[in-house]
DNA sequence: TGATAAATTGTAATCACTACAAACAACGCG
DNA sequence: CGCGTTGTTTGTAGTGATTACAATTTATCA
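In structure tokens form, the structure reads like this:
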């Protein structure tokens, strides 16, 4: 937990219980939840936690690169506790979002000359392994 | 324009003036507008056109693969008249969105075994060539 | 410990988007 | 060509995720 506190401090963010709870939960759960899902998950252990605080927190964490935001659905924003570049596969049948590793250099090679990448997202829609074989 | 009519018919969509107007405009303008921007652009030539119709139309076109939807900003959905796979670069300074070609095979190679891609988006944030050299 | 600046909270507002029902128009069939 | 069916358009009213705001609380540092 000291590590998480340090992360916050190095970004100039004050360390609060709420931020630690949100940040810790995102790091420990390799899913891609909405703000509301995070809130519901934390509420039992953190009574009084406000949904607004969850929104404020994920916004602050994302602005400082500690977590990532995913615009997969148009209607709702999702968050990802793993800030390093990686791809996301969205199965159109089961809806599951699967992470996969990417090599940022591969992506960089696709860019026009002079463009400087800072963050890249590779997002693929299709059928996941389970749904493709009809096992779901 | 006959080509566009055919595209609509082959998707089982009825050919209406409104759909042709939206589709034609998206094909001719290589930008990434929101529904509202499309509406404002078409209104002078198409008085009475409803914003709801623009929303309905882009939804129908996207569902049939004639155009693409871009979830670049969390707050608003953008559309792209070019349905083939290609990447998008979003400059964090000037906000411009630049297209760049990608090889779908490169992306496919990154996927876990058994996953079947159907549509892929490569989205990169950073500095565009103009902003990187300080010329903006 | 006390000052100060930032974070939290709850409520109210915003804004992109959608549901809905009535009016209308495209397409197929005679 | 005219008619009926069915899909489309339109305006309005809603929805739901997200944010603005002001009051209260709390982290941080001297």
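Residue numbers (the numbering used here), protein chains in the order written: chain A, 15 to 150; chain B, 15 to 150.
Ideal Cβ placement from N, Cα and C applies to all residues, glycine included.
These figures come from a predicted structure and were not determined experimentally.
Partners in chain B for residue i, counting only beta-carbon separations shorter than 8 angstroms
i                     : result
residue 127 (chain A) : 143
residue 41 (chain A)  : The premise fails here: residue 41 (chain A) is roughly 22 angstroms from chain B at the closest Cβ pair, so nothing lies under 8 angstroms.
residue 23 (chain A)  : Here the premise fails: no neighbours, minimum Cβ distance about 25 angstroms.
residue 85 (chain A)  : 85, 86, 87 and 88
Residues that residue i contacts on chain B, provided the C-beta gap is smaller than 9 angstroms
i                     : result
residue 147 (chain A) : 128
Range of the contiguous beta strand (DSSP E) that encloses residue i
i                     : result
residue 105 (chain A) : 100 to 105
Residue range of the unbroken alpha helix (DSSP H) whose run includes residue i
i                     : result
residue 138 (chain A) : First-last for residue 138 (chain A): 130 to 141, but that is the beta strand (DSSP E), not the alpha helix (DSSP H).
residue 116 (chain B) : No alpha helix (DSSP H) contains residue 116 (chain B), which DSSP labels as neither H nor E.
residue 34 (chain A)  : 31 to 42
residue 87 (chain B)  : Neither: residue 87 (chain B) is in no alpha helix (DSSP H) and is coded neither H nor E.
residue 45 (chain B)  : Where residue 45 (chain B) is concerned, there is no enclosing alpha helix (DSSP H), given that its DSSP letter is neither H nor E.
residue 73 (chain B)  : 65 to 77
residue 14 (chain A)  : What is shown of chain A runs 15 to 150, which leaves residue 14 (chain A) out entirely.
residue 56 (chain B)  : 49 to 56
Proximity of residue i and residue j at Cβ, strictly below 8 angstroms
i                     : j                     : result
residue 56 (chain B)  : residue 88 (chain B)  : no
residue 71 (chain A)  : residue 32 (chain A)  : yes
residue 79 (chain B)  : residue 40 (chain B)  : no
residue 134 (chain B) : residue 108 (chain B) : no
residue 118 (chain A) : residue 99 (chain A)  : yes
residue 139 (chain B) : residue 132 (chain A) : yes
residue 86 (chain A)  : residue 137 (chain A) : yes
residue 74 (chain A)  : residue 130 (chain B) : no
residue 120 (chain B) : residue 120 (chain A) : yes
Of the listed residues the options, nearest to residue i (C-alpha basis)
i                     : options                    : result
residue 112 (chain B) : B:81, B:144, B:15 and B:48 : B:144
residue 128 (chain A) : B:20, B:128 and B:148      : B:148
residue 44 (chain B)  : B:97, B:19 and B:121       : B:97
residue 27 (chain B)  : B:63, B:60 and B:76        : B:76
Nonlocal neighbours in the same chain, by C-beta distance under 8 angstroms from residue i, ignoring five residues either side
i                     : result
residue 116 (chain A) : 99, 100, 101, 134 and 136
residue 21 (chain A)  : 37 and 80
residue 18 (chain B)  : 34, 37, 38 and 41
residue 15 (chain B)  : 34 and 38
residue 63 (chain B)  : 32, 35, 53, 56 and 57
residue 124 (chain B) : none
Per-residue contacts from residue i into chain B (C-beta, under 7 angstroms)
i                     : result
residue 116 (chain A) : 124
residue 135 (chain A) : 137
residue 91 (chain A)  : 88
Close Cβ partners of residue i (< 7 angstroms) along its chain, the five nearest in sequence each way excluded
i                     : result
residue 92 (chain A)  : 46, 47, 48, 84 and 86
residue 23 (chain A)  : 29
residue 114 (chain B) : 100, 101 and 103
residue 59 (chain A)  : none
Cut-off 6 angstroms between Cβ atoms - residues of its own chain near residue i, not counting five sequence neighbours on either side
i                     : result
residue 53 (chain B)  : 65 and 68
residue 25 (chain A)  : 78
residue 122 (chain A) : 131
residue 90 (chain B)  : 48
Chain A contact residues for residue i, given Cβ-Cβ distances below 9 angstroms
i                     : result
residue 132 (chain B) : 106, 138, 139, 140 and 141
residue 32 (chain B)  : Those within 9 angstroms of residue 32 (chain B) in chain A number zero; the least Cβ separation is about 22 angstroms.
Within chain A, the residues that residue i reaches when beta carbons sit closer than 7 angstroms
i                     : result
residue 155 (chain B) : The question about residue 155 (chain B) has no answer here: the residues shown for chain B are numbered 15 through 150.
residue 121 (chain B) : 136 and 138
Closer than 8 angstroms at the beta carbon, the chain A residues around residue i
i                     : result
residue 112 (chain B) : 126 and 129
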